[in-house]
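Asks: This note's numbering numbers the first residue of the sequence shown as 8 and each following residue consecutively.
By construction, the Cβ of each residue, glycine as well, lies at the ideal position given by its N, Cα and C atoms.
These numbers were taken from a predicted model, which means no experiment stands behind them.
Sharing a structure, written as structure tokens. Questions coming.
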Amino acid sequence: MPTITFEGRHCAGLRDPGRLIAKDLGFDYVDRIMLAEIAKKVGSTVEAVSMRKLKKPTLVDKFAKGVNQILNNSTTVGVGGDPYFGPGIENIMSKDYYELDETIIKNPEDLDYNRMIEATKEVVKDISDLGKVLLISRGAAAILKDKPNTLRIFFVASEEDRIERAKKMHNLSSDTDATDLLKHADHAQDEYYLKAFGLNFDDLGIYHAVLNTTNLDPEDCSKVIFSLIKEKLKV
């Protein structure tokens, strides 16, 4: 299935272009919150949830059921199921990078953190095979760097723009508070990429293009991306 991945620093402005592209193409928009919801349902009550009478299965239900079926058919998964899924996995998977930084600093070998890495890899790989998806962050570009028919875009923005976005997004009153939040987010993202993929986050070699949202608004970004889609993807 065709897949698009967007990556960038926290508050680099990748979400608005992502929503525009996904809507125009009819792709499913998948961010960390949806990844966490999918992981929560994998291997637990997926069948019960998706088959309830009088209840239409949600997108999360459908993806979770598909991932569950892939795991059940996998020769690498034991009788007990995938050990990375289970109670509580959604709690750490739903955290943004700045929220993960305390865990990384205090205990980089935290069991839930390692579960999050492996569960994220599994869910991203599987849902990219199950449907047309646009994946926001969480290392999806690195996870799918060798997957055919995948477009990988990296977003950057000036520090000033990131600070203003952080203040608005997190209801912060001062530049100092926003700068501190971004510092923690960047550190956690760097550590995540290194631990999960053995990659430097700022190594842009796996991406097809880098877009600067300081100079390009969401509509401009979408135009550039659509031209790349026509050239690089079989939709």
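What is the DSSP secondary structure of arginine 145, counted as helix, strand or coil?
Replies: By one-based count along the sequence shown, residue 145 stands at place 138. Note: arginine 145 maps to coil in three-state DSSP.
Asks: Return the chain-ordered list of same chain residues with a C-beta closer than 6 Å to the C-beta of asparagine 207, the five sequence neighbours on each side being excluded.
Replies: As a working note, residue 207 is residue 200 in the sequence shown. The answer is none, since no qualifying residue turns up.
Asks: Between lysine 139 and phenylalanine 34, which are expected to be in contact by the criterion C-beta below 8 Å, what is the C-beta distance as a whole number of angstroms?
Replies: Position 132 of the sequence shown, counting from 1, holds the residue named residue 139. Position 27 of the sequence shown, counting from 1, holds the residue named residue 34. With a Cβ gap of about 5 Å, lysine 139 and phenylalanine 34 count as contacting.
Asks: Quick check: the Cα distance between alanine 185 and aspartate 133, rounded to an integer number of angstroms?
Replies: For the purposes of this step, residue 185 is identified with residue 178 of the sequence shown, where counting begins at 1. For the purposes of this step, residue 133 is identified with residue 126 of the sequence shown, where counting begins at 1. Using only the alpha carbons, I get a separation of about 35 Å.
Asks: Would you mind stating whether leucine 158 and leucine 235 have Cβ atoms separated by less than 8 Å?
Replies: One-based indexing of the sequence shown puts residue 158 at position 151. One-based indexing of the sequence shown puts residue 235 at position 228. For leucine 158 and leucine 235, yes; Cβs fall inside 8 Å.
Asks: Relative to the alpha-carbon of lysine 6, which residue among Leu21, Leu188 and Lys152 has its alpha-carbon at the smallest distance?
Replies: Look at the range of the chain in this structure, 8 to 242, and you will see that residue 6 is not part of it.
Asks: How long is the line joining the alpha carbons of leucine 42 and glycine 73, rounded to whole angstroms?
Replies: As a first step, residue 42 must be located in the sequence shown, where it is residue number 35. As a first step, residue 73 must be located in the sequence shown, where it is residue number 66. In a straight line, the C-alpha of leucine 42 is about 13 Å away from that of glycine 73.
Asks: According to the Cβ coordinates, are threonine 220 and glycine 20 closer than 8 Å?
Replies: Here residue 220 corresponds to residue number 213 of the sequence shown, with the count starting at 1. Here residue 20 corresponds to residue number 13 of the sequence shown, with the count starting at 1. Cβ atoms of threonine 220 and glycine 20: closer than 8 Å.
Asks: Could you check if leucine 141 is buried or exposed, using at least 16 other CB atoms within 10 Å of its CB as the buried criterion?
Replies: Translated into positions along the sequence shown, residue 141 becomes position 134. It counts as buried.
Asks: How big is the Cα-Cα spacing for isoleucine 150 and valine 217?
Replies: Taking the first residue of the sequence shown as 1, we reach residue 150 at position 143. Taking the first residue of the sequence shown as 1, we reach residue 217 at position 210. Taking the straight line joining both Cα atoms gives about 18 Å.
Asks: Asparagine 98: which of Tyr199, Ile45 and Arg16 sits nearest, CA to CA?
Replies: For the purposes of this step, residue 98 is taken as the residue at position 91 of the sequence shown. Among Tyr199, Ile45 and Arg16, the Cα nearest to that of asparagine 98 belongs to Ile45.
Asks: Express the C-alpha separation of alanine 164 and leucine 223 in angstroms, rounding to a whole number.
Replies: For this step, residue 223 is matched to residue 216 along the sequence shown. For this step, residue 164 is matched to residue 157 along the sequence shown. If I take the Cα positions, the gap works out to 9 Å.
Asks: Distance, Cα to Cα, alanine 126 vs isoleucine 170?
Replies: Sequence index remark: in the sequence shown, residue 126 carries index 119 (1-based). Sequence index remark: in the sequence shown, residue 170 carries index 163 (1-based). Rounded to the nearest angstrom, the two C-alpha atoms are 31 Å apart.
Asks: Given a cut-off of 8 Å, decide if glutamate 14 and alanine 195 are closer than it, judged by their beta-carbon atoms.
Replies: Sequence index remark: in the sequence shown, residue 195 carries index 188 (1-based). Sequence index remark: in the sequence shown, residue 14 carries index 7 (1-based). Result no, Cβ atoms of alanine 195 and glutamate 14 do not sit closer than 8 Å.
Asks: Asparagine 156 and leucine 32 - do their beta-carbons sit closer together than 8 Å?
Replies: Counting from one through the sequence shown, the residue named residue 32 turns up at place 25. Counting from one through the sequence shown, the residue named residue 156 turns up at place 149. Not a contact, by the Cβ cut-off of 8 Å.
Asks: When burial is assigned at 16 or more other CB atoms within 10 Å of the CB, is leucine 201 buried or exposed?
Replies: For this step, residue 201 is matched to residue 194 along the sequence shown. The residue is exposed, with fewer than 16 neighbouring Cβ atoms inside 10 Å.
Asks: For valine 131, which residues in the same chain have their Cβ closer than 6 Å to its Cβ, ignoring the five residues on either side in sequence?
Replies: Residue numbering aside, residue 131 sits at position 124 when the sequence shown is read from its first letter. Correct list, in chain order: Ala147 and Ile150.
Asks: Please state if the CB of arginine 39 and the CB of serine 144 are separated by a distance shorter than 8 Å.
Replies: Against the sequence shown, residue 144 aligns to sequence position 137. Against the sequence shown, residue 39 aligns to sequence position 32. The answer is yes: Cβ separation under 8 Å.
Asks: Starting from isoleucine 11, trace the alpha helix (DSSP H) both ways and give me its first and last residue.
Replies: By 1-based counting over the sequence shown, the position of residue 11 is 4. That residue, isoleucine 11, is in no alpha helix (DSSP H); its beta strand (DSSP E) goes 10–15.
Asks: Have a look at Ile28, Ile124, Thr65 and Asp103 and flag the residue whose alpha-carbon is nearest the alpha-carbon of isoleucine 16.
Replies: Counting from 1 along the sequence shown, the entry for residue 16 is found at position 9. This sequence places arginine at residue 16; isoleucine is not what is there. Arginine 16 has its Cα closest to that of Asp103, out of Ile28, Ile124, Thr65 and Asp103.
Asks: Would you mind sorting alanine 55 into buried or exposed? The rule is 16 or more other CB atoms within 10 Å of its CB.
Replies: Along the sequence shown, read from residue 1 onward, the residue named residue 55 stands at position 48. Residue placement at alanine 55 is flagged as unreliable, the pLDDT there being 45, under the threshold of 50; a coordinate-derived value is accordingly withheld.
Asks: Output the distance between the C-alpha atoms of histidine 177 and leucine 189, rounded to the nearest integer angstrom.
Replies: The residue given as residue 177 occupies position 170 in the sequence shown. The residue given as residue 189 occupies position 182 in the sequence shown. In a straight line, the C-alpha of histidine 177 is about 11 Å away from that of leucine 189.
Asks: Which residue wins for smallest C-alpha separation from asparagine 121, given the options Tyr105, Met100 and Ile28?
Replies: Taking the first residue of the sequence shown as position 1, residue 121 is located at position 114. The shortest C-alpha separation from asparagine 121 is found at Met100.
Asks: On the DSSP bridge list, what partners appear for isoleucine 160?
Replies: Taking the sequence shown and counting its residues from 1, the one referred to as residue 160 is at position 153. BP columns for isoleucine 160 point to Phe13 and Ala216.
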